[in-house]
Amino acid sequence: MALMASADEGCGQTVVLFDGKDLSKWTYYLRDPNAKMEDTWSIQDGVLVCKGRPIGYLRTKEEFENYVLTLEWRWPAETKRGNSGVLVHTSTPNALGVWPKSIEVQLATGDAGDFWVIGTELTVPNVDQRRKGRRHVNLTDGSEKPFGQWNQMEITCRGDEIIVKVNGDLVNHATNCSVTKGAICLQS
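The sequence shown runs contiguously to residue 615 in this note's numbering.
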């Protein structure tokens with residue numbers, strides 16, 4: 428996975444989370460205690476690249492609330508199935524095994540925009556048809572571009588509401604989120 432990201436806090440101030448040069452605004456957690464961040468994450472030509480192993484996440488050092496997160500990602504052309512996610516409103520580390528208490532916005536191939544609740548709750552329209560355990564399926568398929576092409580995701584977090592767009596298409600909308608602020612994480 429390759430990624431670029433920035434957040435716009437409600438007051439119109441843009442916070443660059445990744446400048447293409449370093450990860451100074453991030454910390455990390457990897458399930459393997461002997462692993463180093465560079466075993467999973469690297470910067471190549473100004474792009475953050477994730478190998479996907481070992482399992483873990485990058486976590487912003489700062490917490491955010493009432494913001495718009497914009498990021499771009501792509502899976503290498505030779506990928507069979509990509510799997511990652513953006514965790515918003517992150518708090519308690521490792522609340523569910525390796526994963527912190529948060530709401531995950533899925534980046535997995537074919538599922539971009541699905542919500543996964545990790546020790547949290549939220550409400551989505553037509554919940555009976557869309558909820559599968561901790562997963563809340565997105566509203567539309569077909570918003571993602573083919574492997575090798577860049578996708579854009581916009582995650583708007585305002586109060587207890589989260590709106591997700593993929594390549595300009597509304598793909599998910601949650602209200603009554605049980606958490607409304609926290610760090611932002613990128614899943615390896």
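Where is the CB? At the ideal position from N, CA and C, for every residue including glycine.
Query: Report whether the distance from the Cβ of K478 to the nearest heavy atom of the ligand MG is below 6 Å.; Result: Questions concerning the ligand MG fall outside what the structure shown contains, since it holds no ligand whatsoever.
Query: Tell me where the alpha helix (DSSP H) around T467 begins and ends.; Result: M464 to T467
Query: On the CB-based measure, 16 or more other CB atoms within 10 Å of its CB, does N591 come out buried or exposed?; Result: The identity of residue 591 in the sequence shown is Val, whereas the question assumes Asn. Under this definition V591 is a buried residue.
Query: For the beta strand (DSSP E) containing I611, name the first residue and the last one.; Result: A610 to Q614
Query: Need the endpoints of the beta strand (DSSP E) that K592 sits in, please.; Result: E588 to V593
Query: Tell me whether the beta-carbon of F445 lies closer than 7 Å to the beta-carbon of L475.; Result: yes
Query: G524 and S615 - do their beta-carbons sit closer together than 7 Å?; Result: no
Query: Have a look at E492, I482 and L498 and flag the residue whose alpha-carbon is nearest the alpha-carbon of W577.; Result: L498
Query: Taking only the alpha-carbon atoms, compute the straight-line gap between Q471 and P481 and give it to the nearest angstrom.; Result: 19 Å
Query: Closest to V606 by C-alpha separation, out of G509, S518 and Y494, would be which residue?; Result: S518
Query: Let me check understanding here. Comparing Cα to Cα, which of F574, I611, W468 and W543 lies closest to H600?; Result: W543
Query: For D596, name the three-state secondary structure that DSSP assigns.; Result: strand
Query: Quick check on the burial criterion: 16 or more other C-beta atoms within 10 angstroms. Buried or exposed for A504?; Result: exposed
Query: Would E531 pass as a contact of K608 if the rule is Cβ separation under 7 Å?; Result: no
Query: Rounded to a whole number of angstroms, what is the C-alpha to C-alpha distance between G646 and G483?; Result: The structure shown does not extend to residue 646, since the chain is modelled only from 428 through 615, so no value can be given for it.
Query: Would you mind giving the Cβ-Cβ distance between I611 and T487, rounded to the nearest angstrom? I have them listed as a contact below 8 Å.; Result: 5 Å
Query: Which first and last residues belong to the beta strand (DSSP E) in which C477 is found?; Result: V474 to C477
Query: N603: which of G540, V551 and N461 sits nearest, CA to CA?; Result: V551
Query: Please state whether the Cβ-Cβ distance between V593 and A535 is less than 7 Å.; Result: no
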